[in-house]
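Chemist: Residue numbers (this note's numbering): 1 to 497.
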Amino acid sequence: MRASGILMPISSLPSPYGIGCFSREAYAFVDWLAQAGQTFWQILPLGPTGFGDSPYQSFSTFAGNPYFLDLDALVEEGLLTSAECAGADWGDDPARVAYDKLYQSRYPLLRRAFHRWRGADEPDYRTFLSENRDWLEDYALFMALKNARNGASWDTWEDELRLRDPGALERARGELAEERAFQCFLQYEFDRQWGALKRYANGKGIRIIGDIPIYVAFDSSDTWANPELFQLDGDRRPTGVSGVPQDGFSATGQLWGNPLYDWDYHRATGFAWWIARLARCYRRYDVVRIDHFRGFDEYFAIPYGAENALSGVWKPGPGSALFDAVRAALGEKPVIAEDLGYLTDSVRRLVQACGFPGMKVLEFAFDSRDSSGAAEYFPYNYTPNCVVYTGTHDNETVEGWYETILPEERALVREYLGRPEGTAQPLHWDFIRAAMSSVAKWCVVPMQDYLGLDNRARMNQPSTVGKNWRWRASPADFSPELAGRIRRMTACYGRMP
1 MRASGILMPI SSLPSPYGIG CFSREAYAFV DWLAQAGQTF WQILPLGPTG FGDSPYQSFS
61 TFAGNPYFLD LDALVEEGLL TSAECAGADW GDDPARVAYD KLYQSRYPLL RRAFHRWRGA
121 DEPDYRTFLS ENRDWLEDYA LFMALKNARN GASWDTWEDE LRLRDPGALE RARGELAEER
181 AFQCFLQYEF DRQWGALKRY ANGKGIRIIG DIPIYVAFDS SDTWANPELF QLDGDRRPTG
241 VSGVPQDGFS ATGQLWGNPL YDWDYHRATG FAWWIARLAR CYRRYDVVRI DHFRGFDEYF
301 AIPYGAENAL SGVWKPGPGS ALFDAVRAAL GEKPVIAEDL GYLTDSVRRL VQACGFPGMK
361 VLEFAFDSRD SSGAAEYFPY NYTPNCVVYT GTHDNETVEG WYETILPEER ALVREYLGRP
421 EGTAQPLHWD FIRAAMSSVA KWCVVPMQDY LGLDNRARMN QPSTVGKNWR WRASPADFSP
481 ELAGRIRRMT ACYGRMP
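Following this line, the structure appears as structure tokens:
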């Protein structure tokens with residue numbers, strides 16, 4: 001089925017409380033998507049974020065981000081007052097997330113809501129605890145211990161806790177009982193609020209494309225509670241970490257720093273952890289985009305402690321055995337394989353063997369910095385089983401990108417799109433039209449590109465910290481006129497629901 005959608009992070013939605021969340025503005029965005037004739041809403045990972053505020057470095061692969069809780073819903077539950085919410089300092093720029101203000105303002109309000117909450121004995125809450133016990137108990141204790149140590153990474157904790165001595169863990173559970181309960185409350189509210197928003201979206205004909213990183217963060221409950229899943233030494237230190245080699249965008253590669261999986265252990269357990277992880281994803285999303293899919297064919301291993309990625313080497317991943325096990329356990333599920341970067345024949349064979357659509361980023365067709373070769377990103381080389389993007393959260397916006405590429409690359413863009421030199425018409429609509437008109441079965445366009453924004457609206461610049469994940473839209477951006485124009489183009493190219 002030909003269809004299209006919009007990439008719009010939850011954090012980028014308008015709201016009066018410093019960051020986009022599961023608020024009335026999210027429901028209004030769903031209505032706007034339906035008016036625009038869209039089928040998909042693609043979001044970024046929903047996990048709780050840590051250092052750098054990256055959704056790809058989360059404290060848990062199973063938990064949800066408390067920043068996304070709708071405070072007005074807590075007001076309606078009688079757990080907060082409107083005055084309390086309005087009185088907090090959310091920063092002075094509604095177009096940017098101020099994460100420092102958010103951390104200082106949101107958690108005191110959420111703790112106040114928790115202390116007023118009286119639902120711990122309600123059947124729904126008890127059911128939630130029971131159904132999520134396999135990850136929630138460890139996560140709640142992990143966050144309680146971390147908060148008691150001013151956010152310190154678990155590898156700096158006392159040895160008895162770092163190495164999970166059973167007696168020490170039991171004492172900590174007792175001493176931190178209230179903080180653990182607070183963490184469980186946050187996850188319960190997240191589950192309820194996101195579930196309601198997803199049901200509303202599905203009822204409007206909008207399917208959610210969720211995004212999961214291939215790796216988990218080292219400073220996470222996953223790594224702390226399940227060290228056997230990863231390549232760690234006897235002292236629980238990584239023996240190697242993740243990243244990618246140098247390319248046209250980075251002279252020293254990218255050093256991500258995530259612990260690498262012990263794939264021998266995962267094979268021996270029938271990939272049980274991965275099956276549980278993806279099962280939860282399919283309760284949360286309709287389609288799952290798996291980031292860095294090529295890591296399942298081969299993964300790049302960088303020695304722990306290295307300053308950059310130059311000393312890394314490729315090692316074999318689990319291949320199709322992982323996805324055979326997932327399919328046997330969960331049945332056929334829709335996956336988008338993020339197969340970008342340097343691709344080998346074996347990566348292509350893996351994507352083909354799994355049957356998943358890969359990704360085509362239109363910007364890459366014209367950008368000589370892309371080391372994987374531009375040819376496969378030109379629409380005339382697409383096959384139907386792919387998803388085309390103008391750009392992703394890691395790319396420059398279309399308008400910003402056009403200003404930064406080489407003059408000869410801009411000339412190729414104009415020639416390909418049939419744009420006269422010096423035309424005043426904005427580039428982004430011609431670019432979107434090229435993606436929409438392609439044979440790709442699905443087309444996803446970042447909201448910034450529909451708005452024609454420059455690189456001030458860029459979501460992320462890989463290998464940098466301190467300036468990413470901050471862009472936010474305004475309510476005026478979602479106009480009926482823009483929805484109508486998107487709808488007409490969607491209908492023109494056969495992508496209407």
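C-beta atoms are modelled at their ideal positions from N, C-alpha and C, and glycine is treated no differently.
Taking only three categories from DSSP, how would you classify lysine 441?
Modeler: By one-based count along the sequence shown, residue 441 stands at place 441. Reduced to three states, the DSSP call for lysine 441 is coil.
Chemist: My assumption, with CB atoms under 8 Å, is that tryptophan 38 sits in contact with serine 11. Please give the rounded CB distance.
Modeler: Reading the sequence shown from its first residue, position 38 is the one you call residue 38. Reading the sequence shown from its first residue, position 11 is the one you call residue 11. At residue 38 the sequence reads glutamine, which differs from the tryptophan that was named. Going by Cβ atoms, the distance from glutamine 38 to serine 11 rounds to 20 Å, so no, they are not a contact pair.
Chemist: Does DSSP classify glutamate 158 as helix, strand or coil?
Modeler: Along the sequence shown, read from residue 1 onward, the residue named residue 158 stands at position 158. In the structure shown, glutamate 158 sits in coil (DSSP, three-state: anything other than H, G, I, E or B).
Chemist: Excluding the 5 residues preceding and the 5 following tyrosine 285 in the sequence, name in chain order all residues of the same chain whose CB lies nearer than 7 Å to its CB.
Modeler: Along the sequence shown, one-based indexing puts residue 285 at 285. Answer for tyrosine 285: Ile208, Ile209, Gly210, listed in chain order.
Chemist: Label leucine 79 either buried or exposed according to how many other C-beta atoms from any shown protein chain fall within 10 Å of its C-beta, with 16 as the threshold for buried.
Modeler: Here the question's residue 79 lines up with position 79 in the sequence shown. Buried: at least 16 other Cβ atoms inside 10 Å.
Chemist: Quick one: measure Cβ to Cβ for threonine 61 and aspartate 222, integer angstroms, because I've assumed they're closer than 8 Å.
Modeler: What you label residue 61 is simply residue 61 of the sequence shown in a count that begins at 1. What you label residue 222 is simply residue 222 of the sequence shown in a count that begins at 1. Contact flag correct, Cβ pair sits at about 5 Å.
Chemist: Count the other CB atoms within 10 Å of the CB of phenylalanine 478; is the residue buried (16 or more) or exposed (fewer)?
Modeler: To locate residue 478, count along the sequence shown from 1; it is residue 478. Label assigned to phenylalanine 478: buried.
Chemist: So what's methionine 496 in DSSP terms, helix, strand or just coil?
Modeler: Translated into positions along the sequence shown, residue 496 becomes position 496. DSSP places methionine 496 in coil when its eight states are reduced to three.
Chemist: Under DSSP, the alpha helix (DSSP H) around serine 15 begins and ends at which residues?
Modeler: Within the sequence shown, the letter at position 15 stands for residue 15. Run containing serine 15: none; DSSP gives neither H nor E here.
Chemist: Which residues in the same chain as serine 15 place their Cβ atom closer than 7 Å to its Cβ, once the five residues preceding and following it in sequence are excluded?
Modeler: In the sequence shown, counting from the first residue as 1, residue 15 sits at position 15. Answer for serine 15: Cys21, Ser23, Glu25, listed in chain order.
Chemist: Out of curiosity, what's the CA-to-CA distance linking proline 48 and aspartate 297?
Modeler: For this step, residue 48 is matched to residue 48 along the sequence shown. For this step, residue 297 is matched to residue 297 along the sequence shown. When rounded, the distance between both Cα atoms is 28 Å.
Chemist: Spatial neighbours of valine 326 within its chain, please: C-beta separation below 8 Å, excluding the five flanking residues on both sides.
Modeler: One-based indexing of the sequence shown puts residue 326 at position 326. Here the set comprises Phe271, Trp274, Ile275, Leu278, Lys333.
Chemist: Tell me the DSSP secondary structure of alanine 337 in three-state form.
Modeler: Within the sequence shown, residue 337 is the residue found at index 337, counting from 1. Three-state DSSP puts alanine 337 in a strand.
Chemist: Buried or exposed: cysteine 354, going by 16 or more other Cβ atoms within 10 Å of its Cβ?
Modeler: The count along the sequence shown starts at 1 and reaches residue 354 at position 354. By the 10 Å Cβ count, cysteine 354 comes out buried.
Chemist: Compare the Cα-Cα distances from leucine 417 to each of Asp454, Pro379, Thr404 and report the closest residue.
Modeler: As a working mapping, residue 417 is identified with position 417 in the sequence shown. The residue with the shortest Cα to Cα distance from leucine 417 is Pro379.
Chemist: My output table needs one value for tryptophan 273: the three-state DSSP class, helix, strand or coil.
Modeler: As a working note, residue 273 is residue 273 in the sequence shown. Here tryptophan 273 sits in helix by DSSP.
Chemist: Ignoring anything shorter than 4 residues or poking outside the segment 151-211, list the alpha helix (DSSP H) runs there in chain order.
Modeler: 159-162, 166-175, 177-203, all fully within the segment 151-211.
Chemist: Could you work out which residue in Tyr493, Trp41, Leu129 is closest to asparagine 202 when comparing CA atoms only?
Modeler: For the purposes of this step, residue 202 is taken as residue 202 along the sequence shown, with counting starting at 1. Minimum Cα distance to asparagine 202 is reached at Trp41.
Chemist: Assign proline 123 to one of two classes, buried (16 or more other C-beta atoms within 10 Å of its C-beta) or exposed (fewer than that).
Modeler: Numbered from its first residue, the sequence shown carries residue 123 at position 123. By the neighbour-count rule (16 or more Cβ atoms within 10 Å), proline 123 is not buried but exposed.
Chemist: Measuring alpha carbon to alpha carbon, tell me which residue in Ala329, Met436, Asp449 is nearest leucine 427.
Modeler: Indexing the sequence shown from 1 puts residue 427 at position 427. Per the Cα distances, Asp449.
Chemist: For the segment 259-305, which segments carrying the beta strand (DSSP E) assignment without a break, of at least 3 residues, lie completely within its bounds, in sequence order?
Modeler: Taking only runs of at least 3 residues, the beta strand (DSSP E) segments lying wholly in the segment 259-305 are 287-290, 298-303.
Chemist: Tell me, to the nearest whole angstrom, how far the beta carbon of tyrosine 27 is from that of leucine 197; I am working on the premise that it is less than 8 Å.
Modeler: The count along the sequence shown starts at 1 and reaches residue 27 at position 27. The count along the sequence shown starts at 1 and reaches residue 197 at position 197. The pair is a contact, with the Cβ atoms about 7 Å apart (cut-off 8 Å).
Chemist: Since tryptophan 256 and glycine 243 are thought to touch, with beta carbons under 8 Å apart, how far apart are those beta carbons, to the nearest angstrom?
Modeler: Residue mapping note: residue 256 aligns to position 256 of the sequence shown, counting from 1. Residue mapping note: residue 243 aligns to position 243 of the sequence shown, counting from 1. Indeed they touch by this definition, with Cβ atoms about 5 Å apart.
Chemist: How is arginine 485 classed by DSSP in three states: helix, strand or coil?
Modeler: Taking the sequence shown and counting its residues from 1, the one referred to as residue 485 is at position 485. Helix, per DSSP.
Chemist: Is it true that the CB of phenylalanine 182 sits closer than 8 Å to the CB of arginine 111?
Modeler: In the sequence shown, residue 111 corresponds to position 111, counting from 1. In the sequence shown, residue 182 corresponds to position 182, counting from 1. In this structure, phenylalanine 182 lies closer than 8 Å to arginine 111 by Cβ.
Chemist: Tell me where the beta strand (DSSP E) around isoleucine 6 begins and ends.
Modeler: As a first step, residue 6 must be located in the sequence shown, where it is residue number 6. Here the beta strand (DSSP E) through isoleucine 6 covers 3-7.
Chemist: Give the range of the alpha helix (DSSP H) segment to which methionine 143 is assigned.
Modeler: As a working mapping, residue 143 is identified with position 143 in the sequence shown. Start and end: 133-148.
Chemist: Sort out for me which residues DSSP pairs valine 388 with in a bridge.
Modeler: On the sequence shown, position 388 is the one that residue 388 refers to. Answer by DSSP bridge pairing, in chain order: Lys360, Cys443.
Chemist: Between which two residues does the alpha helix (DSSP H) containing glutamine 42 stretch?
Modeler: By 1-based counting over the sequence shown, the position of residue 42 is 42. Looking at the DSSP string, glutamine 42 is not in any alpha helix (DSSP H); the run it does join, the beta strand (DSSP E), is 40-42.
Chemist: Looking only at its own chain, which residues have a Cβ that is under 6 Å from the Cβ of methionine 496, when we skip the five neighbours before and after it?
Modeler: In the sequence shown, residue 496 corresponds to position 496, counting from 1. Answer for methionine 496: Gly37, Thr490, listed in chain order.
Chemist: If you count every other CB in all the chains shown that lies within 10 Å of the CB of cysteine 492, and 16 or more means buried, which is it?
Modeler: Numbered from its first residue, the sequence shown carries residue 492 at position 492. Label assigned to cysteine 492: exposed.
Chemist: My assumption, with CB atoms under 8 Å, is that glutamine 254 sits in contact with proline 462. Please give the rounded CB distance.
Modeler: Position 254 of the sequence shown, counting from 1, holds the residue named residue 254. Position 462 of the sequence shown, counting from 1, holds the residue named residue 462. 6 Å between Cβ atoms; contact.
Chemist: Alanine 120 and leucine 74 - do their beta-carbons sit closer together than 8 Å?
Modeler: As a first step, residue 74 is located in the sequence shown; it is residue number 74 there, counting from the start. As a first step, residue 120 is located in the sequence shown; it is residue number 120 there, counting from the start. Going by C-beta atoms, leucine 74 is not nearer than 8 Å to alanine 120.
Chemist: From the DSSP output, in three-state form, read off leucine 46 for me.
Modeler: On the sequence shown, position 46 is the one that residue 46 refers to. The answer is coil: DSSP assigns leucine 46 none of H, G, I, E or B.
Chemist: At the level of alpha carbons, what is the spacing between arginine 458 and histidine 393?
Modeler: By one-based count along the sequence shown, residue 458 stands at place 458. By one-based count along the sequence shown, residue 393 stands at place 393. Approximately 7 Å between the Cα atoms of the pair.
Chemist: Identify the continuous alpha helix (DSSP H) that holds proline 316 and give its terminal residues.
Modeler: Residue 316 sits at position 316 when you count from the first residue of the sequence shown. Careful: proline 316 lies outside any alpha helix (DSSP H), inside the beta strand (DSSP E) at 313-316.
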